[in-house]
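The structure under discussion appears below in the form of structure tokens.
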Amino acid sequence: MYKIFSELKKAEKICLDSQKPIKVALLGDTATQFLNIALKGTAKTEGLNLEIFEADFGQISRQIMDISSEYYEFNADYTIIFESTHKLLNQYYKSSDSAKDFADNKIKYIEDLYDTIQSRTKSRIIYFNFPVIDHKIFGSFSNKVESSFNFQINKLNYLLSFEVAMNKNNFFIADLISIQNKWGRNFMFAPSIYTNTEMVLSIDALPIVAHSVFSIISSLEGKFKKCLILDLDNTVWGGIIGDDGLEKIQIGNLGIGKAFTEFQYWVKALQKRGIILAVCSKNDEEKAKEPFEKHPDMVLKLDDIAVFMANWENKADNIRKIQSILNIGFDSMVFLDDNPFERNLVRENLPEVCVPELPKDPAEYLEYLYGLNLFETANFSENDTERTKQYQVEAQRVADLESFTNVEAFLKSMNMISDVQSFNNFSKPRISQLTQRSNQFNLRTVRYTEQEIDLLIASDKHHTISFTLEDKYGDNGLICVIVLEEQDKETLFIDTWLMSCRVLKRGMEYFTLNTISDLAKKLGYTYLIGEYIPTAKNQMVKNHYENLGFMGKNDKWILNVNDYQPKDVYIKNKL
């Protein structure tokens, strides 16, 4: 699914003028002109526009340490720092007297770059790790020689992950090591090109590296895959359950069954990480569920599946039904099916859904999918592990709603309760994640890191509110985030209003406004000011403030809280 460099070069010229560009600074110690082109082309094929400032190579320290540099004038949203292993080796040769401290000294340098950037900007930093150059000074024995380059570079990569990335907000690693492991050093690096052009990455490798870097940016911008939809026969197991029967489908540790079992373990790991699993299979539902319930070698169980859709209807229509239950964008879905006809059917009818071209041999499924890196993420919280249960509960709610002739009666029957609190250290990870993930019900689409949330908590000019929601079916967890900013002694500006789409049509927006209005009155404010900033995904809230009774003025929406009459809702505050 990777495009070749010439295709990315053409894609770079696509016009996306209507879209506000994402500002990226590219700093390298080797030539980065072609990486620049590949990044822009990759972004535009994915519908995003990158404006890139590319510094002359070898200018990393000057650009970052000099407050008057072009880098700071550019004011980047993202800073990509590409230091190559080749230049690192030259630094190592010059530090022979302190070779044992080489990795520690380099980490200190990287931390100084990070601290300087963070003290002056809000830019997120993407830093490449270092693939090994095995220059055979000690051979395999280098792993026991602390002063060897191989030992030091392994140590450096370890420290980069566990000392820097783990402990620094806004710091992310572009995993060049994994790319070289997958594609091979001879594919990644051409000595003659490096010698003549100072370009470390080969032309063929550039699209893969650019895709990896862009995936990080895309996930931080809230554009990433949330759901994996699975066909069953010859995708999750070998054979056809309706024809072969339970005993003859292929899973387990023998023959090709091993490939399906390992595939299931990978899918299970994604589910534990928070990826929503759904089934879309042409089968009788009872027969399709039988392996999940009865086969001793099945890794996946029914409890792992959020939505199970097995019937004889069109798969594109079934995916539409899955989407309506999950209430997520089609572009956040991945559909895996061994059948080329079904893949093409979904591609033609639902072009936003990602449909990988699975290899014919199931033994190759995993390596192919590993290489695509479909499920890049920029954050993780313990709440992610509960996502499947939450969507299973939502599917039950949808089914029960259909049995009610009166929506109000259904809402009353749900016994909804919300825990309303200011941001705190316990809710901070989930709040940060929700700002990164929410695209549809998000009025201004402001993203916050945990570090930035700490600043909001400590600010005298901001008021923060988080909302959970639970009902008779289960706990939805934290589902709504509000950030209010004081503009003057009479006015609060709604900097952030976002909500999980899982809780739409339950009156949560009215409950939220009741809460905000009540808080504003208690604090002595008269006006609430709202703003809607349109994006490609948040059209559903275009009329949000108007529907709530705000009056439009100069692209803003104004509500006098003293005139506001609280809305009737069926949600109680957990006090």
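Heads up: the sequence shown begins at 6 in the numbering used here, then just goes up one per residue. Glycine is no exception: its CB is placed at the ideal position from the N, C-alpha and C atoms.
Query, Result
"Report the option in Asn155, Phe167, Asn548, Phe219 whose CA atom is closest to the CA atom of Leu377.", "Phe219"
"I need the straight-line Cα distance from Leu55 to Leu331, nearest angstrom please.", "30 Å"
"Please state whether the Cβ-Cβ distance between Ile256 and Thr240 is less than 7 Å.", "no"
"Whether or not the stretch 559-566 and the stretch 522-542 are in contact is what I'm after, with contact meaning three or more pairs of Cβ atoms, one per stretch, closer than 8 Å; do they touch?", "yes"
"Do the stretch 433-442 and the stretch 497-510 meet, that is, are 3 or more Cβ pairs less than 8 Å apart?", "yes"
"Here's the rule I'm using: 16 or more other beta-carbon atoms within 10 Å means buried, otherwise exposed. How should Ser286 be labelled?", "buried"
"What does DSSP give as the partner residues of Phe133 in its beta bridges?", "Ala179"
"In chain order, what residues of the same chain have a beta carbon less than 7 Å from the beta carbon of His216, not counting five sequence neighbours either side?", "Tyr7, Thr47"
"By DSSP's criteria, Gly243 is part of a beta bridge. Which residues make up the other side?", "Gln255"
"Between Phe268 and chain B, is the shortest Cβ-Cβ distance under 7 Å, so that the two count as touching?", "The question asks about chain B, but that chain is absent: this structure has only one protein chain."
"By alpha-carbon positions, which one of Ser337, Lys263, Val351 ends up nearest to Ser224?", "Ser337"
"Hey, how far is the Cα of Ala195 from the Cα of Asp209?", "10 Å"
"Give the secondary structure of Ala60 by DSSP, where H, G and I count as helix, E and B as strand, and everything else as coil.", "coil"
"When burial is assigned at 16 or more other CB atoms within 10 Å of the CB, is Thr393 buried or exposed?", "buried"
"Name the two residues that bound the continuous alpha helix (DSSP H) containing Glu295.", "290-299"
"Need the endpoints of the beta strand (DSSP E) that Ile86 sits in, please.", "83-87"
"What does a CB cutoff of less than 8 Å around Asn110 pick up in its chain, not counting 5 residues either side in sequence?", "Ser100, Ser103"
"Would you decide whether Met204 is buried or exposed? Buried here means 16 or more other CB atoms lie within 10 Å of its CB.", "buried"
"Restricting to Cα atoms, I'd like to know which of Glu318, His300, Ile324, Val339 is closest to Ile280.", "Val339"
"Does the beta-carbon distance from Asn162 to Phe135 come in below 7 Å?", "yes"
"Helix, strand or coil, according to DSSP, for Leu553 in the structure here?", "coil"
"Taking the alpha-carbon positions, what's the Lys228 to Leu497 distance?", "30 Å"
"For a test of the three-state rule: what should DSSP assign to Gly482, helix, strand or coil?", "strand"
"On the CB-based measure, 16 or more other CB atoms within 10 Å of its CB, does Cys20 come out buried or exposed?", "exposed"
"Out of Val137, Glu78, Gly52, Thr50, which has the shortest C-alpha to C-alpha gap to Ala60?", "Glu78"
"Where do the N-terminal and C-terminal ends of the beta strand (DSSP E) with Ile261 fall, by residue?", "Ile261 -> no beta strand (DSSP E), and no H or E assigned at all."
"May I ask which residues mark the beginning and end of the alpha helix (DSSP H) holding Val403?", "392-406"
"Pop quiz: Val29 and Ile115 are said to be a contact at Cβ under 8 Å. What is the actual Cβ separation, rounded to whole angstroms?", "Contact doesn't hold; Cβ gap of about 19 Å is too wide."
"Any chance you could list the beta strand (DSSP E) runs of at least 3 consecutive residues sitting entirely within the stretch 106-170, in chain order?", "129-133"
"Determine, using beta carbons only, whether Thr464 and Ser432 come nearer to each other than 7 Å.", "Sequence inspection shows Ser at residue 464; the Thr mentioned does not correspond to that position. Their beta carbons are not under 7 Å apart, which means Ser464 does not touch Ser432 by this criterion."
"Do you know offhand how far Glu514's Cα is from Ile333's?", "18 Å"
"Apart from the five residues on each side of it in sequence, which residues of its chain come closer than 8 Å, Cβ to Cβ, to Lys25?", "Asn54"
"Specify the secondary structure class of Gly33 as computed by DSSP and reduced to three states.", "strand"
"Indicate the three-state DSSP secondary structure (helix, strand or coil) for Asn420 in the structure shown.", "coil"
"Buried or exposed: Thr37, going by 16 or more other Cβ atoms within 10 Å of its Cβ?", "buried"
"With Gly535 as the anchor, note down where its beta strand (DSSP E) starts and where it stops.", "532-535"
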